[in-house]
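A short write-up of the structure that comes next.
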Amino acid sequence: MADTDTLKQYNVGNPPTLPNSDKLYYAEELRKVQLCIGLLIGVMKKLEARMTAHGV
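Sequence positions in the sequence shown follow the working numbering and run 241 to 296.
Structure representation (structure tokens):
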């Protein structure tokens, strides 16, 4: 089974920068990644609970 607690440890760090780029764009994209990971973890925990309940 997936180790969802390890996935939950993801934190948005300092975003990478490119010359002449908007730093806020990267920060926002990393925030979206963090949100998606949180949603995936929620789904995985529900799936793990259902699998455990059915002896899988």
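All residues carry an ideal CB built from backbone N, CA and C; glycine is no exception.
- In the displayed model, Gln249 falls within coil according to three-state DSSP, outside both helix and strand.
- Take Thr292, set aside five residues on each side of it, and no residue of its chain has a beta-carbon closer than 6 Å to its own.
- Minimum Cα-Cα distance from Lys272 among the listed residues Gly295, Asn251, His294, Ser261 corresponds to Asn251.
- Membership of Gly278 in the alpha helix (DSSP H) is indicated by the continuous run 263 to 293.
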